[in-house]
Amino acid sequence: MSARATARTHSGVRQRLTVRSILLWLLLVLLLLSVPLVDRNIAQVSAAADAGVFVLLALGLNIVVGYAGLLDLGYAAFFAIGAYVFGLTASAQFNLHFNFWLMLPVAAIVAAMFGATLGFPTLRLRGDYIAIVTLGFGEIVPTVILNLPNITNGPNGLTAVDHPNLPGLSFGLNPIPYYYLILLIIGGCVWMNNNLRDSRLGRAWMAVREDEIAASAMGINTTIVKLLAYALGASFSGFAGVFYASKLGSVSPDNFQFVVSVQILSMVVLGGLASIRGVIVGAVVLYLLQGFFLNQLTIWSHALGNSFHVGFLTVVDFNSLKYGLYGVALVAMMRFRPEGLIPSSTRKAELKRGVVEASVFGVDGEPA
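Numbering (the working numbering), first residue to last: 18 to 385.
Right, dumping it as structure tokens:
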């Protein structure tokens with residue numbers, strides 16, 4: 018076969034794959050848009066909108082952890098910053114009722130500024146030390162919120178937070194407009210994520226992730242690249258914080274504890290680092306596990322225990338074991354599928370190459 022014929026064949030394959038991908042995405046969009054029309058259960062629509070918040074958070078953390086390879090154990094702090102920026106400017110706390118649509122980008126910018134601030138102390142750190150710094154930041158923010166009662170209302174949080182409005186439509190407590198709004202925000206963030214991954218900046222992030230010294234030697238400004246990763250990742254949590262505060266109509270410091278950061282990180286790792294589809298699937302799976310499956314499993318267990326007179330099954334509460342189950346799931350994933358449920362092709366190839374090199378040269382780089 019001639020080179021020209023081979024090129025035409027590859028071009029045809031790529032075109033078919035592109036058409037297939039577009040059709041699959043259109044089908045997915047239609048399915049998501051039809052959920053409130055098919056499911057008349059308002060509580061389930063509201064839960065779907067809440068799941069979208071965690072999808073948004075996971076997409077943001079994926080930039081930091083998946084693309085740039087920077088561990089962040091305090092990501093919930095940026096979520097809190099976004100929520101409180103909106104809560105303080107759109108509630109009766111200071112009687113400032115700023116518009117939701119204005120505060121959506123403003124909170125994202127503020128969260129990005131705090132993300133860059135967090136990035137400065139980590140510029141010369143590696144591995145576990147980055148984890149310690151980000152963990153400290155994640156603990157500092159809720160503590161500051163709790164100890165500024167004159168501003169944040171302390172442990173009581175903020176109430177009567179304004180809801181979004183559009184001409185002829187008031188969101189109020191109706192979850193259906195919120196569901197469509199979070200789909201729109203996620204769509205924009207997925208588009209941004211996808212373009213960032215394929216951009217020059219995205220390639221620089223991945224170079225830093227693989228070998229920061231080599232990336233610096235090739236002319237990449239690792240300082241700017243890492244700061245941008247923290248800032249852009251945090252901006253996604255700013256969007257999520259504003260949406261979450263407006264939907265609940267309140268902001269409480271209890272919603273931004275360390276366990277939230279662990280939960281979001283688990284979603285990213287479970288779905289697949291640097292994989293947009295994987296991160297979305299991981300967020301949905303873990304949210305359903307926590308919000309639906311464990312509740313049902315507890316009910317089924319109690320019913321089974323009462324039927325067969327097994328005392329243990331009648332008292333076990335799987336909701337109280339959820340973090341232990343997270344741990345088991347992550348250990349199992351690292352053992353049997355370290356690349357995640359839906360890995361990115363690049364990340365999967367890198368992990369396979371690492372396994373081959375370890376088997377040939379040994380863990381310490383010496384011949385095995």
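All C-beta atoms in this analysis are idealised placements derived from N, C-alpha and C, irrespective of residue type, glycine included.
Who are residue i's beta bridge partners in DSSP?
i	result
Leu175	Val268
Asn182	Ser187
Could you tell me the distance, in whole angstroms, from the CA atom of residue i to the CA atom of residue j?
i	j	result
Gly91	Ser324	45 Å
Asp89	His180	31 Å
Val332	Ala66	31 Å
Val82	Pro138	17 Å
Gly104	Ile59	25 Å
Met351	Ile149	22 Å
Leu338	Val207	32 Å
Glu229	Gly288	25 Å
Ala248	Arg143	18 Å
Val36	Asn211	18 Å
Leu50	Ile237	42 Å
Tyr261	His326	43 Å
Arg354	Phe95	30 Å
Ala93	Leu113	25 Å
Asp56	Ala231	52 Å
Val127	Gly99	7 Å
Gly69	Asn164	30 Å
Ile157	Thr169	15 Å
Pro159	Gly357	31 Å
Ala109	Leu311	37 Å
Arg217	Phe309	41 Å
Val298	Tyr304	10 Å
Trp118	Phe256	11 Å
Leu40	Leu48	12 Å
Ser187	Leu245	36 Å
Gly153	Phe275	10 Å
Going by alpha carbons, who is nearest to residue i out of the options?
i	options	result
Leu74	Tyr196, Leu142, Ser252	Ser252
Val286	Glu229, Ser361, Phe275, Leu321	Ser361
Ala410	Thr151, Ile202, Ile98, Gly219	Given that the chain is displayed from residue 18 to residue 385, the structure contains no residue 410 and the question cannot be resolved.
Ala133	Trp118, Arg143, Thr151	Thr151
Pro166	Phe111, Ile316, Asn182	Phe111
Gly258	Val348, Ile80, Ala124	Ala124
Gly136	Ala85, Gly185, Gly341, Ile359	Ala85
Phe71	Leu190, Val127, Val301, Ser216	Val301
Ser254	Val46, Gly344, Met130	Met130
Pro172	Leu190, Phe273, Gly250	Phe273
Leu282	Ala346, Leu163, Arg214	Ala346
Leu43	Asn170, Gly204, Phe95, Leu113	Gly204
Lys264	Leu198, Leu186, Ile157	Leu198
His405	Phe335, Tyr304, Ile241	The structure shown has nothing for residue 405, since the chain only spans 18 to 385.
Ala97	Ile39, Val161, Val46, Ala349	Val161
Ile241	Val348, Phe256, Met235, Ala221	Ala221
Leu342	Leu314, Gly328, Gly322, Leu330	Leu314
Gln307	Ile293, Gln280, Leu213	Gln280
Gly77	Arg214, Ala349, Asp271	Arg214
For residue i, which of helix, strand or coil comes out of DSSP?
i	result
Asn58	coil
His114	strand
Ala107	strand
Thr35	helix
Val327	coil
Arg226	helix
Gly341	helix
Asp334	coil
Gln274	coil
Met350	helix
Ala75	helix
Ile359	coil
Ser216	coil
Met235	coil
Gly86	coil
Asn210	helix
Arg141	coil
Tyr92	coil
Asn167	helix
Gly289	coil
Ser63	helix
Identify, in the order they occur along the chain, each residue of the same chain with its Cβ nearer than 7 Å to the Cβ of residue i, setting aside the five sequence neighbours on each side.
i	result
Pro53	Val62, Ile193, Tyr196
Ile147	Leu87, Leu88, Thr139
Thr106	Leu113, Phe115, Met120
For residue i, which residues of its own chain have a beta-carbon under 6 Å away from its beta-carbon, when the five flanking residues on both sides are left out?
i	result
Thr176	Ser267
Ser269	Gly174
Ser387	This structure leaves residue 387 out entirely; the chain is present only between 18 and 385.
Asn79	Val285, Val296
Val277	Ala93
Gly189	His180
Keeping to the same chain, check which residues put their C-beta closer than 8 Å to that of residue i; ignore five residues upstream and five downstream.
i	result
Lys243	Ala85, Leu87, Gly136, Thr139, Leu140, Val225
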